[in-house]
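This report concerns only the one structure given below.
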Amino acid sequence: ALRSLARRTKDMVSKVQQFFGEFVNKANKDVIADLFDDDVVHVDIVWGSTQPAVGHKGLAHYLDDLRSTFPDFHVGVDNLKLAQASLTSLWVRLEGNCTGLGSYHHHQAIKHANHFDAVALFEFNKDRSRITHVEVFRTAFAEDKSELQTVVKEGGFRELRLKRLM
700 ALRSLARRTK DMVSKVQQFF GEFVNKANKD VIADLFDDDV VHVDIVWGST
750 QPAVGHKGLA HYLDDLRSTF PDFHVGVDNL KLAQASLTSL WVRLEGNCTG
800 LGSYHHHQAI KHANHFDAVA LFEFNKDRSR ITHVEVFRTA FAEDKSELQT
850 VVKEGGFREL RLKRLM
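Here is the structure:
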């Protein structure tokens, strides 16, 4: 049983490495069906949980947006730090780089080189074969800070949280 648990944990780690190595770094949409549950949810906490990418089509759209804005987006797969959060989830500490060369949420490219740090929670289905949920807690890009200066007018707790990022 212990060997089986170790193998399953290794399978989750492999899926996370494939997520960053193939899906994010190489922009390979062909891995979507293998990596993600049909109802997968991807949330970037900088923008809150109100705009998640949902399902295979949502993840494909997310990847298109990410790569059109940051064509050189890269996460250091060899530097990932992983910790098992539960039998079906992993915490991942990561860092990466990207340059804002495309429009960002309908704003002009600011061509800023970003280095970012993040922690992400990856949740898996019961047999740990597919990712069901990704929640990313990252440092704000220069593009985030620039855009937030124009959109933080809604008030309330979200405004306070977003202003802290600027």
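So the mapping is simple: our numbering equals the position in the sequence shown, first residue as 1, plus 699. Where is the CB? At the ideal position from N, CA and C, for every residue including glycine. None of these values were measured; they are calculated from a predicted model.
Contact holds between the segment 816-830 and the segment 777-794, because three or more Cβ pairs, one in each stretch, are under 8 Å apart. Taking 8 Å as the cut-off, the beta carbon of I744 is found closer than this to the beta carbon of E834. In the structure shown, F769 falls within a coil segment according to DSSP collapsed to helix, strand and coil. When DSSP reads this structure, G795 sits in a beta bridge with V774 and F815. Judged by DSSP secondary structure, I830 falls within the beta strand (DSSP E) whose first and last residues are I830 to R837.
In the structure shown, L820 falls within a strand segment according to DSSP collapsed to helix, strand and coil. If you ignore the 5 residues before and after R707, its C-beta comes within less than 7 Å of the C-beta of R827, all in its own chain and listed in chain order. Rounded to whole angstroms, the separation of the alpha carbons of T768 and F836 is 19 Å.
In this structure, F719 keeps its C-beta atom at 8 Å or more from the C-beta atom of L734. In this structure, G795 and H773 form a Cβ contact; the two beta carbons are roughly 5 Å apart against a cut-off of 8 Å.
The three-state reading of DSSP puts A808 in coil, since its state is none of H, G, I, E or B. Sixteen is the threshold: when 16 or more other Cβ atoms of the shown chains lie within 10 Å of the Cβ of L762, as they do, the residue is buried.
Distance from the CA of H755 to the CA of I830, rounded to the nearest whole angstrom, comes to 11 Å. CA-to-CA, the gap between K825 and I809 works out to about 43 Å.
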